[in-house]
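Undergrad: Pasting a structure here, questions to come.
Numbering (the numbering used here), first residue to last: 1 to 280.
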């Protein structure tokens with residue numbers, strides 16, 4: 001009897017060995033996913049083209065594009081992820097080229113010497129167009145703190161880059177005159193400026209299954225800063241899993257704020273995103 005039990009146990013171990021080896025091989029193998037998507041947020045920004053030059057003036061501009069689709073000239077958006085065991089690498093790339101006619105020169109800064117004089121021009125605006133082009137790139141590494149069949153939680157850290165070029169064509173009802181000795185701010189004109197912003201970020205992302213089917217909730221949040229800049233991003237949505245990948249519908253909000261004489265004081269984008277993720 002003991003001999004039979006020993007034989008059965010050895011046979012069971014022999015059968016389990018290939019399964020364990022297969023599971024270990026799967027854990028040691030890289031897996032990948034790529035998700036092209038379309039994000040159509042509203043846009044709010046406060047642009048500063050200063051500081052004003054000596055004896056001259058610079059414009060402060062409010063940008064508002066409540067429906068990005070109406071103002072979008074071109075866009076490219078893609079997200080990618082690589083995983084091995086509990087470790088992950090992920091990146092997200094966005095290129096936007098958009099114009100907004102629902103903008104205005106809210107004020108003009110004059111520099112008469114050691115000080116600065118700000119004159120409100122919001123009531124004088126007769127038509128201002130802002131064109132924004134830029135890249136938004138996020139790259140992170142992470143570790144799966146929770147990796148269960150029904151829920152996951154990844155802690156992440158990395159970098160985000162924003163490269164932005166802003167061009168404003170303005171038209172006022174009159175020329176704006178500043179303090180004595182300064183050059184008047186023209187009734188019509190154009191100005192362009194570029195800015196590169198790097199920030200370190202930390203955050204978390206994950207998902208939770210809904211019931212016993214293929215529906216799930218997903219979430220993402222990060223925050224960070226650098227060089228007088230603070231940024232944060234939040235994503236929440238729902239998805240459906242297929243054999244080839246997933247369809248995901250999210251609400252996504254991204255915010256930047258800066259202090260000092262920067263191209264923008266505040267920049268925020270928020271809206272719905274739809275993507276298809278392909279696994280291989």
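Note that beta-carbon positions come from the ideal geometry of N, C-alpha and C, so glycine has one too.
If the criterion is Cβ atoms closer than 8 Å, does the pair residue 185 and residue 57 meet it?
TA: Here residue 185 is near residue 57, since their CB atoms are less than 8 Å apart.
Undergrad: Once DSSP output is grouped into helix, strand and coil, what is the label at residue 111?
TA: coil
Undergrad: Short of 6 Å in beta carbon distance, which residues of its chain neighbour residue 163, apart from the five on each side in sequence? Order them along the chain.
TA: So the qualifying residues of the chain are 134, 135 and 196.
Undergrad: I believe residue 129 touches residue 99 by the beta-carbon criterion, under 8 Å. Please report the beta-carbon distance rounded to the nearest angstrom.
TA: 6 Å
Undergrad: By DSSP, does residue 263 sit in helix, in strand, or in coil?
TA: coil
Undergrad: May I have the straight-line CA-CA distance separating residue 202 from residue 219, to the nearest angstrom?
TA: 14 Å
Undergrad: Would residue 116 pass as a contact of residue 179 if the rule is Cβ separation under 8 Å?
TA: no
Undergrad: Pull up the distance between the alpha-carbon of residue 223 and that of residue 29, whole angstroms please.
TA: 31 Å
Undergrad: Starting from residue 226, follow its DSSP beta bridges and name the residues at the other end.
TA: BP columns for residue 226 are empty, so no partner.
Undergrad: Spatial neighbours of residue 150 within its chain, please: CB distance less than 8 Å, with the 5 preceding and 5 following residues excluded, ordered by chain position.
TA: 208 and 209
Undergrad: Identify the residues that DSSP records as bridge partners of residue 157: which are they?
TA: Residue 157 is bridged to 141 and 202.
Undergrad: For the beta strand (DSSP E) containing residue 84, name the first residue and the last one.
TA: Taken as a continuous stretch (DSSP letters only), the beta strand (DSSP E) holding residue 84 covers 72-84.
Undergrad: Label residue 87 either buried or exposed according to how many other C-beta atoms from any shown protein chain fall within 10 Å of its C-beta, with 16 as the threshold for buried.
TA: That one is exposed.
Undergrad: Since residue 110 contacts residue 182 with CB under 8 Å, what's their CB separation in whole angstroms?
TA: 5 Å
Undergrad: Examine the ligand SAM and report whether any of its heavy atoms sits within less than 7 Å of the Cβ of residue 133.
TA: This structure lacks the ligand SAM, and indeed carries no ligand of any kind.
Undergrad: Considering only the alpha carbon of each residue, which of 42, 40 and 31 lies closest to residue 89?
TA: 31
Undergrad: With DSSP run on the structure shown, which of helix, strand or coil describes residue 284?
TA: Examination of residue 284 is not possible in this model, given that the chain is present from 1 through 280 alone.
Undergrad: Helix, strand or coil for residue 59 per DSSP?
TA: Looking at residue 59 - three-state DSSP - the assignment turns out to be strand.
Undergrad: Here's a check: name, in chain order, each residue in its chain whose Cβ is nearer than 6 Å to the Cβ of residue 83, leaving out the five neighbours to either side.
TA: 31
Undergrad: Taking 8 Å as the threshold (C-beta atoms), are residue 48 and residue 263 in contact?
TA: Closer than 8 Å, so yes.
Undergrad: Could you give the DSSP three-state label for residue 304: helix, strand or coil?
TA: Residue 304 lies beyond the range of the chain shown here (1 to 280); nothing can be said about it.
Undergrad: Going by DSSP, which residues form a beta bridge with residue 100?
TA: 130
Undergrad: Note down, in chain order, each residue of its chain lying with its Cβ closer than 6 Å to the Cβ of residue 91, except the 5 sequence neighbours on either side.
TA: Cβ neighbours of residue 91 within its own chain (closer than 6 Å, five residues either side excluded): 80 and 139.
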